[in-house]
Amino acid sequence: MLGLPYRLLLQALWDDLRARREFLTSPYLPACFAFFIHILLCSPFLVFEALGCFWPRIHFYRISRIAEPLGLCLQRWVDCFWRIFIKYLTTILPASALYQSVRNPIFPELAPSWRVLIAEVIACLLLFDALFFIWHYSMHRVPWLYRMVHQAHHQNRITFALTAQDASPAELLSLQVLALTSAWVVGCHPLSEALFHLLNTWLAVEDHCGYDLPWALHRLLPCFGGAPFHQAHHHVYRGNYAPYFRHWDWLCGTYLRVREEAGRKHGGRTMRRRRRRKSLGSDCVCMCAYNKA
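Mapping to the UniProt record's numbering: the sequence shown position 71 is 71, numbers consecutive.
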């Protein structure tokens, strides 16, 4: 009985979406919506960057302690925005429109139960995480694949939220394929698939945001790596290949562990860095220290 109100709420939401079927099947909607949502989810971190100039306490949570003027920071955001916009306009939008024109979307009458919704979203995230790990590891292990596909993403050694999609057109397309494949293999209800894509976008933004915030998902659920996990990858250009969860890197010996020391001195945070590399993509232990000036 407790699940009935949630089921009715999901059904009402799904009925409203089904009534807008013609709009939802527009060939241009997925790419435009994905771009808009990405920018929207990145905007709070741009506000953080701006407020940090007037309230330095915010920058206490930045993973990188490298200070830069607000003007330079904003210029990086603007440059990154235009790079992503051009790639969406020239690559993602045409490819997405072509895919939408040949697919046959299904709009079942019933919405999923909340249990099914949650189970399908979790299954999609786990499958996407595994597929991405394999693909990401391959791009780092095959030199020509790294140069042609992945190198553009590593132009940002210090990440910020917008850089989650600052990649080559080939890599952006490949990630779209992995996400769509994950939803197809799981056999998601369209409502579950939409929630998966939305959550997938948010997790990518959070991983690249450059902030280790106390309410971040990896603080609440330790199975997630979060921004420190992915920032370590951008610093050493290897290890931590999974996008969200830690388990594949643990199992495959590519895990870079970031451990915060207990002591904090003079308002700063001290962490030590140590790396230990072995063959299969390096079994690295990374205890990173970022000292506040």
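Quick reminder that beta carbons are idealized off the backbone N, C-alpha and C, glycines included.
Got a sec: does the ligand PLP put a non-hydrogen atom nearer than 7 Å to the Cβ of threonine 25?
-> No copy of the ligand PLP appears in this structure; indeed no ligand is present at all.
Cβ pair count under 8 Å reaching 3, the stretch 220-228 against the stretch 44-56 | no
Check whether the Cβ atoms of glycine 239 and histidine 233 lie closer than 8 Å to each other.
-> For the purposes of this step, residue 239 is taken as residue 239 along the sequence shown, with counting starting at 1. For the purposes of this step, residue 233 is taken as residue 233 along the sequence shown, with counting starting at 1. The answer is yes: Cβ separation under 8 Å.
What residue from Thr91, Thr159 and Gly71 has the CA that sits closest to proline 30's CA?
-> One-based indexing of the sequence shown puts residue 30 at position 30. Nearest C-alpha to proline 30: Thr91.
If you check the beta carbons only, do leucine 117 and leucine 17 fall under 8 Å apart?
-> In the sequence shown, residue 117 corresponds to position 117, counting from 1. In the sequence shown, residue 17 corresponds to position 17, counting from 1. Result no, Cβ atoms of leucine 117 and leucine 17 do not sit closer than 8 Å.
Inter-residue spacing [alpha-carbon to alpha-carbon] between valine 205 and threonine 163 | To locate residue 205, count along the sequence shown from 1; it is residue 205. To locate residue 163, count along the sequence shown from 1; it is residue 163. Cα to Cα, valine 205 sits roughly 8 Å from threonine 163.
Hey, how far is the Cα of arginine 246 from the Cα of serine 138?
-> For the purposes of this step, residue 246 is taken as the residue at position 246 of the sequence shown. For the purposes of this step, residue 138 is taken as the residue at position 138 of the sequence shown. About 18 Å.
CB-CB length for threonine 159 against glycine 210, believed under 8 Å = On the sequence shown, position 159 is the one that residue 159 refers to. On the sequence shown, position 210 is the one that residue 210 refers to. With a Cβ gap of about 5 Å, threonine 159 and glycine 210 count as contacting.
C-beta contact flag for leucine 172 and lysine 87 at 8 Å = Position 172 of the sequence shown, counting from 1, holds the residue named residue 172. Position 87 of the sequence shown, counting from 1, holds the residue named residue 87. Yes. Within cutoff.
Per DSSP, the bridge partner or partners of phenylalanine 245 = Here residue 245 refers to the residue found at position 245 of the sequence shown. The partner list for phenylalanine 245 (beta bridge, DSSP) reads Phe224.
Applying the criterion that 16 or more other CB atoms from any shown protein chain within 10 Å of the CB defines a buried residue, is tryptophan 82 buried or exposed?
-> Sequence index remark: in the sequence shown, residue 82 carries index 82 (1-based). It counts as exposed.
With distances taken Cα to Cα, identify the nearest neighbour of valine 167 among Leu180, His153, Trp184 and Ala161.
-> Here residue 167 is taken as the residue at index 167 of the sequence shown, counted from 1. Checking the sequence, you will find alanine at residue 167 rather than valine. Taking only the C-alpha atoms, the option nearest alanine 167 is His153.
Among the residues of its own chain, which have a CB less than 8 Å from the CB of asparagine 94, if the five just before and after it don't count?
-> For the purposes of this step, residue 94 is taken as residue 94 along the sequence shown, with counting starting at 1. Sequence inspection shows proline at residue 94; the asparagine mentioned does not correspond to that position. Counting only Cβ-Cβ distances below 8 Å, and skipping sequence neighbours, we find nothing.
Using a Cβ-Cβ cut-off of 6 Å (strictly less than) and excluding sequence neighbours within five positions of alanine 170, which residues of its own chain qualify?
-> In the sequence shown, the residue the question calls residue 170 occupies position 170. Excluding sequence neighbours, alanine 170 sits near Val149.
From arginine 57 to valine 258, what does the alpha carbon distance come to, in whole angstroms?
-> As a working mapping, residue 57 is identified with position 57 in the sequence shown. As a working mapping, residue 258 is identified with position 258 in the sequence shown. Going from the Cα of arginine 57 to the Cα of valine 258 covers about 22 Å.
Mark leucine 125 as exposed unless 16 or more other C-beta atoms lie within 10 angstroms of its C-beta, in which case mark it buried.
-> What you label residue 125 is simply residue 125 of the sequence shown in a count that begins at 1. It is buried - the Cβ of leucine 125 has at least 16 other Cβ atoms within 10 Å.
Test item: CB-CB of phenylalanine 132 and proline 243 under 8 Å | As a working mapping, residue 132 is identified with position 132 in the sequence shown. As a working mapping, residue 243 is identified with position 243 in the sequence shown. Contact flag set, yes.
Distance between glutamate 109 and arginine 115 (C-alpha atoms, nearest Å) | In the sequence shown, residue 115 corresponds to position 115, counting from 1. In the sequence shown, residue 109 corresponds to position 109, counting from 1. Cα to Cα, arginine 115 sits roughly 18 Å from glutamate 109.
To which residues of the same chain is phenylalanine 35 closer than 8 Å at the C-beta, ignoring the five residues directly before and after it?
-> For the purposes of this step, residue 35 is taken as residue 35 along the sequence shown, with counting starting at 1. Only Ile84, Phe85, Tyr88 and Ile92 meet the Cβ criterion.
In the stretch 104-181, which residue ranges form an unbroken alpha helix (DSSP H) of at least 4 residues, counting only runs that do not cross its ends?
-> 114-141
Given a threshold of 16 other Cβ atoms within 10 Å of its Cβ, counted over all protein chains shown, does asparagine 104 qualify as buried or as exposed?
-> Translated into the one-based positions of the sequence shown, residue 104 becomes position 104. Exposed is the call here.
Excluding the 5 residues preceding and the 5 following cysteine 42 in the sequence, name in chain order all residues of the same chain whose CB lies nearer than 7 Å to its CB.
-> The count along the sequence shown starts at 1 and reaches residue 42 at position 42. Answer for cysteine 42: Ala161, Leu162 and Val205, listed in chain order.
With distances taken Cα to Cα, identify the nearest neighbour of tyrosine 28 among Ala19, Tyr99 and Leu8.
-> Locating residue 28 in the sequence shown gives position 28, counting from the first residue. Tyrosine 28 has its Cα closest to that of Tyr99, out of Ala19, Tyr99 and Leu8.
Top-ranked residue by Cα proximity to alanine 119, from Arg141, Phe107, Glu22 and Ser192 = Residue mapping note: residue 119 aligns to position 119 of the sequence shown, counting from 1. Looking at the Cα atoms, Ser192 is the closest of the given residues.
Should glutamine 155 be labelled buried (16 or more other beta-carbon atoms within 10 Å of its own) or exposed?
-> Mapped onto the sequence shown, residue 155 falls at position 155. It counts as exposed.
Thinking just about the alpha-carbon of each residue, which of Thr201, Leu178 and Thr254 is nearest to the one in leucine 40?
-> Numbered from its first residue, the sequence shown carries residue 40 at position 40. The shortest C-alpha separation from leucine 40 is found at Thr201.
Span of the alpha helix (DSSP H) around tryptophan 77 | Position 77 of the sequence shown, counted from the first residue, corresponds to residue 77. Element bounds for tryptophan 77: 70-87.
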